[in-house]
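As structure tokens, the structure follows; a few thoughts come after it.
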Amino acid sequence: MIEIKQFVFNEFEENTYVLFDETKECIIIDPGCYKVHEQQELSKFISDMQLIPVKLVNTHCHIDHVLGNSFVASKWNLELFMHKEELYTYNSTSSWAHMFGIVMEQMPDRRMYINEKDKITFGASMLDIAYTPGHSVASLCFYNLSEHLCIAGDVLFAGSIGRTDLPGGNFDTLINSIKTKLLIWPDEMRIYPGHGPATTIGKERKSNPFLQ
Ligand SMILES: [Zn+2]
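Under the numbering used here, the sequence shown has 372 at position 197, and the numbering climbs by one with no breaks.
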């Protein structure tokens with residue numbers, strides 16, 4: 176059984192997720208930890224729970240989702256799993272970072288480029304991948320249908336959808352991604368977004384103003 180721990184990090188209030196199971200292996204998705212106390216909060220949880228991090232994963236590479244990449248990759252000696260085209264996203268939003276006075280670090284060198292046919296495994300668990308562009312050029316969602324959970328990045332939020340005004344964003348593409356990849360799931364599928372509270376496919380199907 177996959178368990179999910181959510182952290183809210185950095186000035187963009189970004190959700191960082193740690194997924195683990197009974198084997199204690201875990202993966203860290205979209206680490207936004209930037210300040211030292213945020214890095215300590217993540218480290219403390221992992222050591223208190225005696226977890227063994229095995230992968231670093233990005234849904235997409237807007238700065239708020241990757242601010243902790245270097246820290247996580249070097250602290251636990253992890254390979255980064257990401258879509259190759261998200262390097263474009265990373266490079267094209269680095270000017271933001273400057274605007275917010277944030278120092279951008281190099282993306283970790285050890286990278287595994289992934290797409291829809293691949294799986295993310297840890298312990299006894301596995302996540303499938305949905306290719307869901309529109310918020311960024313190659314956003315990915317990571318999901319497990321039988322356990323009814325999806326880490327959705329900034330594709331779908333409780334009552335909203337990702338913004339589409341940044342480089343690589345496209346409104347029609349995003350709506351199409353949500354309708355053809357996410358709304359095909361059952362109502363009880365839980366969505367863990369990159370910002371704000373978790374929701375379900377049932378709730379969003381019924382009341383999300385962008386999907387009516
Ligand atoms: Zn984003």
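The beta carbon of each residue, even a glycine, is placed where N, CA and C say it ideally should be.
Could you check how far apart the C-beta atoms of proline 228 and tryptophan 251 are, in whole angstroms? I think they sit under 8 Å.
-> Here proline 228 really is in contact with tryptophan 251; their C-beta atoms are around 4 Å apart, less than 8 Å.
Taking a cut-off of 5 Å, which residues have a beta-carbon closer than that to any heavy atom of ligand 1, in chain order?
-> Per the Cβ criterion, the list is His237, Asp329.
Measure how close the beta-carbons of leucine 331 and proline 368 come, nearest whole angstrom, since I'm counting them as under 8 Å.
-> Taking the Cβ atoms as the reference, leucine 331 lies roughly 6 Å from proline 368, within the contact range of under 8 Å.
Host alpha helix (DSSP H) of glutamate 216 (start-end) = From DSSP, the alpha helix (DSSP H) with glutamate 216 extends over 211–223.
How about leucine 320 and glycine 337: are their beta carbons less than 8 Å apart?
-> For leucine 320 and glycine 337, no; Cβs fall outside 8 Å.
Residue environment, threonine 264, which counts as buried when at least 16 other CB atoms sit within 10 Å | Classification for threonine 264: buried.
Go ahead and label serine 270 buried or exposed: buried means 16 or more other beta carbons lie within 10 angstroms of its beta carbon, across all protein chains shown.
-> Label assigned to serine 270: exposed.
Can you find a C-beta in chain D that's less than 8 Å from the C-beta of serine 267?
-> Although the question refers to chain D, the structure presented lacks it and comprises just one protein chain.
Close beta carbons around phenylalanine 256, own chain, < 6 Å, minus the five adjacent residues each side = Excluding positions up to five away in sequence, the list reads Lys230, Val232, Met287, Ile289.
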